[in-house]
């Protein structure tokens with residue numbers, strides 16, 4: 001009996017261990033392959049503009065671990081988070097209001113289509129005239145660019161809610177707060193999360209562009225300064241660090257997304273007949 005139990009436990013654990021190993025390989029496999037190819041392909045490079053990866057790695061600690069993480073990287077991340085969170089709040093609030101009201105949607109649709117067609121980087125020179133070159137300008141640029149994916153996905157998510165559920169909530173005379181929290185936001189959350197994921201990528205791009213235009217610190221500013229002073233290995237370390245920041249933010253986003261959409265993934269799994 002004991003051996004049978006041990007065998008059954010072993011057969012249960014083995015797939016889990018194999019599944020975890022497979023997942024790690026899938027996540028890290030391609031990055032490891034690409035870095036390896038870059039390392040060996042650039043090993044004998046004599047180009048001033050494309051130094052070997054070994055040189056870039058050796059220059060990384062001295063470039064960023066001696067004060068620049070707090071003077072350049074941290075301000076960039078804080079600006080990104082400020083603009084991104086502002087866009088989340090405004091985009092979800094406006095998206096819910098527009099999605100729930102056909103009249104408001106009809107009024108807002110033409111200006112929304114007009115403003116969404118304007119590339120956010122084009123607004124940087126205009127915003128510089130009114131806000132200067134300080135932090136507020138960069139936050140507004142990031143928030144402006146992040147707003148559209150969140151707003152438009154929220155509108156579509158609210159519009160796509162099941163009419164039967166809306167009628168049921170009206171019949172039972174549920175409070176508006178309950179309907180908003182349990183029906184509207186919950187039902188539209190997959191679309192909202194999709195827009196938020198798109199907005200995060202847009203925000204990183206605008207963070208760098210806004211700092212390249214006019215700034216005295218930040219990742220974009222530092223990368224441009226390295227390029228202008230022909231410190232090419234240091235410039236490449238900034239590009240690598242920017243990619244690392246993007247990966248870290250993506251991992252954090254996935255960690256937040258998992259509990260928010262746990263009900264949705266469970267529903268899809270049950271519809272597929274999973275357990």
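Residue numbers (full-length UniProt numbering): 1 to 275.
Think of the CB as a built atom: it goes at the ideal place given N, C-alpha and C, for glycine as much as any other residue.
All values derive from a computational prediction rather than experimental measurement.
Residue i - DSSP class collapsed to helix/strand/coil
i           : result
residue 156 : helix
residue 50  : coil
residue 172 : coil
residue 41  : helix
residue 253 : helix
residue 213 : helix
residue 196 : helix
residue 188 : helix
residue 279 : This structure leaves residue 279 out entirely; the chain is present only between 1 and 275.
residue 162 : coil
residue 19  : helix
residue 221 : helix
residue 272 : coil
residue 226 : helix
Selection from the options that minimises the alpha carbon distance to residue i
i           : options               : result
residue 201 : 38, 248 and 92        : 248
residue 86  : 138, 56 and 164       : 138
residue 235 : 23, 37 and 50         : 50
residue 244 : 127, 31 and 182       : 31
residue 124 : 262, 225, 213 and 174 : 213
residue 81  : 205, 165 and 112      : 205
residue 197 : 159, 255, 46 and 57   : 255
residue 144 : 257, 78 and 90        : 90
residue 48  : 229, 101 and 246      : 229
Cβ pair residue i, residue j closer than 8 Å
i           : j           : result
residue 215 : residue 98  : no
residue 157 : residue 190 : yes
residue 233 : residue 41  : no
residue 207 : residue 76  : yes
residue 142 : residue 218 : no
residue 64  : residue 241 : yes
residue 279 : residue 84  : Nothing in the structure corresponds to residue 279, since the chain is present only between 1 and 275.
residue 178 : residue 92  : no
residue 151 : residue 94  : yes
residue 43  : residue 54  : yes
residue 147 : residue 140 : no
residue 239 : residue 223 : yes
residue 252 : residue 184 : no
Exposure of residue i, with buried meaning 16 or more beta-carbon neighbours within 10 Å
i           : result
residue 168 : exposed
residue 110 : exposed
residue 149 : buried
residue 278 : This structure gives no information on residue 278, because the portion of the chain shown stretches from 1 to 275.
residue 237 : buried
residue 129 : exposed
residue 68  : buried
residue 188 : buried
residue 211 : buried
residue 175 : exposed
residue 115 : exposed
residue 322 : The structure shown does not extend to residue 322, since the chain is modelled only from 1 through 275, so no value can be given for it.
residue 280 : In this structure the chain extends from 1 to 275, so residue 280 is not present and cannot be described.
residue 226 : buried
residue 52  : buried
residue 220 : buried
residue 9   : Annotation note: pLDDT 41 at residue 9 (below 50); position unreliable, coordinate value reported separately. Under this definition residue 9 is an exposed residue.
residue 56  : buried
residue 79  : buried
residue 25  : exposed
residue 73  : buried
Any non-hydrogen atom of the ligand COA within 7 Å of residue i CB
i           : result
residue 181 : Ligands in the displayed structure: none, and consequently the ligand COA is not present.
| Can you list, in chain order, the stretches of the alpha helix (DSSP H) that have 4 or more residues and sit fully within the stretch 56–143? | Counting only runs of 4 or more, we get 74–100, 102–116 and 123–131.
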